[in-house]
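Step one of this worksheet: look at the structure below.
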Amino acid sequence: MRTAVLIPLCLWSLVTVSPVRAQSDNLTPLKERVNVQADSARTNQIINGCWVAVGTNKPHTIQLDYSRPFQGKPSYRFELKQEDNTLEGYAQGETKGRAELCYCYAVANDFRNYPATEYLNAQKMKTVYHYGKGSCPQGSSMSYTFSVYIPRTLDKEVSTIFAQWHGMPSRTLVSDPDGKVMRLSVEEFLELEKRMIFKKNIAHDKITKINSKGDTIYKAGKPNGWLIEQGGYPPLAFGFSQGYFYIKANSDRKWLTDKTDRCNVNPDKAEIMKPVTSTYKASTIAYKMPFDSFPKDCWITFRVDIDWTLYGKEKETILKPGLLDVIMSYQQAGKEVKKHIVNKEEILIGRNDEEGYYFKFGIYRVGNSTIPVLYNLAGYEEHEKSSGK
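Residue numbers for the sequence shown, in mature numbering (1 follows the signal peptide of the UniProt record, and there is no 0): -22 to -1, 1 to 367.
Okay, here's the thing in structure tokens:
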């Protein structure tokens, strides 16, 4: 499998797609979407040489915004209306909504040196993006920068993540009905996949049926006791919830994620840097601020330095804790305001996976919220952290 590739800057000079100004002189919808786990990105789906879009593809959800430029270039405008939730929530009956740009994806050329079956197998294992660009390895030290523009009209009761870092789980890590955890080979997983349908992390017997047209179709039967790795909460998230702006770090040292362990701290109840823990997980509010105090109608730039926690894989140990440093800066009354809101704090941050982490920004509306969300993002950069910083 290809190792991670670090792309330091989202350069407008490397634009792959040059959208024609449509409908409005100020807004250009970006309607192409990519399932980065299961598909490679086509040339017309790559945005400004470094992004692909994920989530609902209604024209208003992700647009280039020429009326709100950042450093002389159009920013990205994200919007979810009340009716735009399209995903199942964490709890039964809940919904959530997504409209994001994803920095990690693969293209057909990433598979050029592999047998033809490699891509087909990666699709079944949902690891296509593992072959592409935009991820960093486990235990690495990284520096990230991005900017957000929150309008004063945004409802303080919104529940949205506007920037998040994700792990990259592999479905070849499984447990059998007796609870034995094992890493399957590609061939072993594909044999399993022939007999089962996976709904999130739970395997169901695959039932073969013939429909009225004579076509063979497959339906999920009863759960059969097998579980697969499917990931969990984002290791780092910036968002608004319960009347707060918050920065939340999550850690999971368990080799095969326990999806029934919902260790997840609430911003309103948590003390800063006081983690909520379970046997294997930790969830920490690294910083929070009342929503009303968060600067509005201006660009806020975050510089985020992370030493990702180093885990012991099958031993389920912490080999080295992580570190988080966040500086927030913006213009106020013509002067730059710079706040060191997370000051090189030792923290548990990451997931005990083989693969590392990647970045997304946009709207991820959670908590069964349907409150409309609209804001702009821009200015993303990432690179390996310089030594001594």
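All C-beta atoms, glycine included, are put in the ideal place defined by N, C-alpha and C.
If only complete runs of 3 or more residues are kept, the segment 227 to 308 shows the beta strand (DSSP E) at 259 to 268, 277 to 285 and 296 to 298, in order along the chain. DSSP places Arg173 within a helical segment (H, G or I) once states are collapsed to three.
Apart from sequence neighbours up to five positions away, the residues of its chain that approach Ile188 with a beta-carbon distance below 7 Å are Thr194, ordered along the chain. When only Cα atoms are considered, Ala84 and Gly312 end up about 42 Å apart. In this structure the segment 55 to 64 lies against the segment 337 to 344, because at least three pairs of beta carbons, one per stretch, are closer than 8 Å. In the same chain as Ala69, and ignoring 5 residues on each side of it, the C-beta atoms closer than 8 Å to its own belong to Asn346, in chain order. Counting the other CB atoms within 10 Å of its CB gives His144 a total of 16 or more, which places it among the buried residues. Spatial neighbours of Phe124 in its own chain (CB-CB distance under 7 Å, excluding positions within 5 residues in sequence) are listed in chain order as Ala141, Phe280, Phe339, Leu355, Gly357 and Tyr358. In the structure shown, Val164 falls within a helical segment according to DSSP collapsed to helix, strand and coil. Between Lys274 and Pro245, the C-beta spacing is not below 8 Å. The DSSP-derived three-state label of Glu96 is helix. Residue pairing of Trp29 in beta bridges, as defined by DSSP: Ile25. A straight line joining the alpha-carbon of Trp233 with that of Glu207 spans about 9 Å. Under the rule that a run must span 4 or more residues, the alpha helix (DSSP H) segments found entirely inside the segment 33 to 103 read 94 to 103. Taking one beta carbon from each stretch, the segment 300 to 317 and the segment 177 to 188 have fewer than 3 pairs nearer than 8 Å; the two do not touch. Phe216 is a Cβ neighbour of Ile139, given a cutoff of 8 Å. Leaving aside the five residues that flank Leu297 on each side, the residues in its chain whose CB is nearer than 6 Å to its CB run, in chain order, Leu288 and Gly290. As computed with DSSP, Gly340 is found in a beta bridge with Glu78.
Contact holds between the segment 96 to 106 and the segment 9 to 17, because three or more Cβ pairs, one in each stretch, are under 8 Å apart. Check the Cα spacing between Gly334 and each of Leu352, His38, Ile284 and Tyr97: the tightest is with Ile284. In chain order, Leu5, Thr6, Pro7, Leu8 and Arg55 place their CB closer than 7 Å to the CB of Gln41, counting only its own chain and leaving out the 5 sequence neighbours on each side. By alpha-carbon distance to Ile24, the top candidate from Pro212, His38 and Ala86 is Ala86.
Taken through DSSP and simplified to helix, strand or coil, Val106 comes out as helix. Counting C-beta atoms within 10 angstroms of its own C-beta, Ser364 has fewer than 16 neighbours from the protein chains shown and is therefore classed as exposed. CA-to-CA, the gap between Pro268 and Tyr224 works out to about 9 Å.
Short of 7 Å from the beta carbon of Gln309, and not among the five residues preceding or following it, lie these beta carbons of its own chain, in chain order: Cys276. The continuous beta strand (DSSP E) containing Pro7 extends over residues Leu5 to Pro7. At a Cβ-Cβ threshold of 8 Å, Gly221 and Trp286 do not count as neighbours. Listed as beta-bridge partners of Glu314 by DSSP are Gln309. Less than 8 Å divides the Cβ of Asp239 from the Cβ of Lys259. Between Tyr353 and Val126 the beta-carbon gap is near 6 Å, inside 8 Å, which marks them as a contact.
Annotated as distal: Glu324 and Ser119, with beta-carbon spacing of 8 Å or more. Per the coordinates, the alpha-carbon of Thr131 lies some 41 Å from the alpha-carbon of Thr257. With 16 or more other CB atoms across the displayed protein chains lying within 10 angstroms of its CB, Tyr122 is buried. If you look at Leu151, you'll find it in the beta strand (DSSP E) that goes Leu151 to Ser153. Rounded to whole angstroms, the separation of the alpha carbons of Arg173 and Glu165 is 13 Å.
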